Amino acid sequence: MAEKEAQTKLDAKDEKGSDKKPIAYELAEKQREISIAEFFEKNRHLLGFDNKKKALLTAVKEAVDNSLDACEEAKVLPEISVEIIDMKNERFRIIIEDNGPGIIKKHVPNIFAKLLYGSKFHTMKQSRGQQGIGISAAALYGQLTTGKPIKIISRISPNDPAYLYELHINTQKNKPEILREEETQWKKDHGTKVELEIEATYQQGGQSVDNYLKQTAVVNPHATIIYTNPKPEQIIFARATNELPKEAKEIKPHPYGVEIGMLMKMMKSTESRTLQSFFSSEFSRVSSGVAKEICSKAGILPTFKPIETNRDQAERLIRAIRETKIIAPPTDCISPIGEELLQKGLKKEINAEFYCAVTRSPDVYRGNPFQVEAAIAYGGELPADKQVRIMRFANRVPLLYQQSACAVTESITSTSWKSYGLNQSQDSLPVGPAVIAVHIASVWAPFTSEAKEAIAHYPEIIKEIKLALQECGRKLAQYTSKKSKYSDELKKRGYIEKYIPFVGEALQSILGLKKSDEEIIEKILKELLEKSRGKLEELGEDNTEYDEDFAKIGKEEEPKEKEGEEENE
Amino acid sequence: MSKVLEGIKKTATEVYSSITKKKLPTISMPIRSLQNVTYDPKEGYFELKGKMLSRTLTASTIKTFAQTLLMMNESKKIVETDDMATKREIYYVSKNWGDAMFREQPESDTVMDDIEAMMEVNREQLGFAPEEKGGDVAGALVVIDKDEGGKDIKIDCTRFGSGAYSVPTSVEGLRFETKANFILAIETAGMFQRLVKHGYWKKANCILISMGGVPTRACRRFIRRLSDEKKIPVYVFTDGDPYGYLNIYRTLKVGSGNAAHINKYFCVPQAKFMGVTPQDIIDYKLPTHPLKDVDLKRIKDGMKNDPFVQEHREWENALNLMVKLGKRAEQQAFAKYNLNFVIDKYLPDKLKNNKTWLP
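Residue numbers (the numbering used here), protein chains in the order written: chain A, 1 to 569; chain B, 1001 to 1359.
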């Protein structure tokens, strides 16, 4: 765009034949640093703010993700309240309040009003947030569409005061502008409350805030979420377990996952004096022996100072890493939902007749440990003539957009479902009464974009998803084949009931029997035939977990204008 | 009591007593297929070998089982009132059976054939009549039938002009007067028309019968009685193809595998095959069509399973020759030379030389 403009201007000057000053000077005046905030101001779709409906979801999602992460880190059972107030004229006020550890005063402005500021980017640990963009992007979006600042109240303990902030983002400098900063009264002992006003529209249905929070509750059974939608209706997603998920351990990066830029940055900031100690202390699975091997393969002394490494040497080190055999990173750093809880969540949401879930063992892609879980609900009230419904989760966050671009979807389409009892035409989603849920947990979940809507297509990940689906599929096949035998059996038993009277009737007429004889014939035949078929085993389970009101959320008829939205994304 | 009524009651009683003894009832019937027939040229027709099919009442057979009993009941009613019902009518009667009704007529026909074989009677004896036409007759024959009052009427088959006398569904009461030299049984109505129109029967002093494909039971019985009683030979003239040989001619001569229990009466063992033979195709340089897959399959089946073919070397050779030629020819193919070639040349030639015939 900018280039084109420059080109046009250049042409114009030529025509005039002006020779005052080379045009480059004039153009040079326009050259200046683009702040990250400015960049995102123009590329808001990358962060999930591309339309008004999605903006509401994204803003809520970023805040809730942060709250859940904070609570888990502080080992507090999360209790999060989400309130959306319709301010009319497509403006909504969002208020999210948690019982987390709170944020110390001096960090508040940067966390909420500086993009790419966060605690998680440099750590290798399974968490919902990653880049430190989300909440400040929401604040920025609010600022751009309504001009209103983001308002934060946070308190770290009953002995400390609560602070209130109102912040703007200086988009040129990517720096917070503090509009208000004061001590305040707050009923909570600790926690954080975020309030912002944005331009948005509220709709119910599959891609709504309602559905997002519901699915969040499904995969985070340890959290209580109290939600007030703009109607206003209050929905309480109550905690289903008092056990916090297994703590996700922080791990150091694995050499296989590091790229040259990252490596150079790490070498500049390390406290290690030698390359050997740098490698063995900053990476996982690198002993001093392995570190030495890397250095010697790169042709650099192990005692070389990391801070003095140049680009060329860094490149050699990267190559040496690829050539060195290093054991896979530890995988105990991942916290899956677990087969039982995943299945329980599905039961609450879907009234089916069969459920199964599989948690795979952890695997590694590009040095990053990850773990795949899959679950299937089958039959019951699910429609048999439609494509299956897919529920996608990454690090316990539901993914509601970009289904077709997601590795999960690709894995499902490229799995052969026919042998598992579902219909499927070439290269498409299976058709049948089923819901397929897939969860990917990873220290670094690879998304296709910053909006975190679809999982990227790494072959290792697709392979693991497919294995999980196949494992579920085999369980499903056992059930569906049992079911089809069962329905054959029912049909045959139906035959017995249906045709026995005719045998009686014909014999009665041919032999001139009495009506009572006919009844005896029918009775005996029925006994004989049923004895020969054996007892009928009950199939399917009674789903006592199913919650009808819960299931309804997010299934409302979506308004017309929603159509074709997937394409517009 | 007629054999039929006895048979029906016997079967029903067996079923009933088996049920009262708390045992699942079974009915059995001869297997109706070529696998279950033998052929002895001295007897002259396919006879049942005696392999039986038992049908025990189970969840999967109960529908057919009920239908069989219901149809026996219908047969009993019809026979008792000395009435008749066509196969089609029985199919419609079943529409009154609720869930046990037949959906298509072939289903009811099969059950009917089962009962027929089970009782070892002809379906007419069960009170069921086929709708099929018996065949057309023209030539030197007078048929003596009865009118609705039971008085004899004489039907002169020379007096139908270019039309023909039609064989009735039941031929048992007919008597014949004739001085004809032979009976010529013809496959197609087209060839029959030509021979009638040009008075071939007058020239050759014969009786012409159009079978219209595989001869019906009535047609077979008509030819058999006529030939037996008036001591006149039967010659057969069909298309030169496996269907003409193995379906039309073989069924006329020795009966079918499907209704083997009645073949004794419904076959014409004295029939001889005049043409069109595979050798005729070569000798007369007839225009041909290539054999289709179904033709080849039929030949293969015949050689492998048909006791009649296996008994006659000549037929095996003829069929092998046909496979070698890879060709078949129709009766009307003689029109290549001129329309009346068949009357002026082919039939007189053939009649003169029975060495060119097949048994």
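Glycine residues also receive a C-beta, built at the ideal position from the N, C-alpha and C atoms.
These numbers come from a predicted model, not from an experiment.
Per-residue burial, Pro369 of chain A [other beta carbons within 10 Å of its own, 16 or more giving buried]: buried
Outcome for Thr544 of chain A when other beta-carbon atoms lying within 10 angstroms are tallied against a minimum of 16: exposed
Whole-angstrom C-beta distance between Ser1075 of chain B and Ile1027 of chain B, which should lie under 8 Å: That belief does not hold up - the Cβ atoms of Ile1027 of chain B and Ser1075 of chain B are roughly 14 Å apart, past 8 Å.
Supposed contact pair Gly289 of chain A and Gly367 of chain A - C-beta distance, whole angstroms, cut 8 Å: No, Gly367 of chain A and Gly289 of chain A are not in contact; Cβ-Cβ is about 19 Å, not under 8 Å.
Collapsed DSSP secondary structure at Lys151 of chain A in the structure displayed: strand
Beta-ladder partner(s) of Met1052 of chain B, from DSSP: B:Pro1030
Candidates B:Arg1224, B:Gln1035, B:Gly1199, of which the one nearest Ile1232 of chain B by Cα: B:Arg1224
Cβ-Cβ separation, Ile103 of chain A to Thr216 of chain A (assumed contact under 8 Å), whole Å: No, Thr216 of chain A and Ile103 of chain A are not in contact; Cβ-Cβ is about 22 Å, not under 8 Å.
Residue span of the alpha helix (DSSP H) that contains Pro1307 of chain B, given as start and end: 1307 to 1311
Extent of the continuous beta strand (DSSP E) run through Asp1283 of chain B: Counting along the chain, Asp1283 of chain B falls outside any beta strand (DSSP E), though it belongs to the alpha helix (DSSP H) covering 1278 to 1283.
Per-residue burial, Thr1011 of chain B [other beta carbons within 10 Å of its own, 16 or more giving buried]: buried
Buried or exposed (CB count within 10 angstroms, at least 16 for buried), Phe1128 of chain B: buried
Any C-beta of chain A under 7 Å from that of Asn1340 of chain B: no
Start-to-end residues for the beta strand (DSSP E) that takes in Gln1038 of chain B: Checking the displayed sequence, the identity of residue 1038 of chain B turns out to be Thr instead of Gln. Start and end: 1037 to 1039.
Per-residue DSSP class, three states only, for Thr192 of chain A: strand
Cβ pair count under 8 Å reaching 3, the segment 271 to 282 of chain A against the segment 322 to 333 of chain A: no
Chain A contact residues for Asp1099 of chain B, given Cβ-Cβ distances below 8 Å: Lys498, Tyr499, Phe502
Test: Tyr495 of chain A CB closer than 7 Å to a CB of chain B: yes
Neighbour-count burial assignment, Lys452 of chain A, 16 or more Cβ in a 10 Å radius: buried
Same chain only: Cβ atoms within 6 Å of Gln234 of chain A, ignoring 5 sequence neighbours per side: Thr228
Limits of the unbroken alpha helix (DSSP H) element including Glu340 of chain A: 339 to 349
When A:Ser404, A:Ala375, A:Leu490 are compared against Arg474 of chain A, the one with the closest alpha-carbon: A:Ala375
Separation of Phe1160 of chain B from Gly1212 of chain B, as counted between CA atoms: 18 Å
Contact check, Ile465 of chain A vs Ser425 of chain A, beta carbons under 7 Å: no
N-terminal and C-terminal residue of the beta strand (DSSP E) that Thr184 of chain A is part of: 175 to 184
Inter-residue Cα distance where the pair is Lys231 of chain A and Arg319 of chain A: 58 Å
For Ser81 of chain A, the three-state DSSP class (helix, strand or coil): strand
Same chain, Cβ closer than 7 Å to His1312 of chain B, neighbours up to 5 away in sequence not counted: Pro1359
Any chain A beta carbon closer than 7 Å to Tyr1016 of chain B: yes
Chain-ordered residues of the segment 504 to 527 of chain A with a beta carbon less than 7 Å from chain C: Looking for chain C here will not work: the only protein chains present are A and B.
Chain B contact for Leu490 of chain A (CB, 7 Å cutoff): no
For Gln1035 of chain B and Gly1007 of chain B, the rounded distance between their alpha carbons: 25 Å
Range of the contiguous beta strand (DSSP E) that encloses Glu166 of chain A: 162 to 170
DSSP-derived helix/strand/coil call for Asp14 of chain A: Reliability of the predicted coordinates at Asp14 of chain A is poor, the pLDDT of 47 falling under 50, and no value is obtained from them.
Any C-beta of chain A under 7 Å from that of Asn1073 of chain B: yes
Phe279 of chain A in three-state terms, based on DSSP: helix
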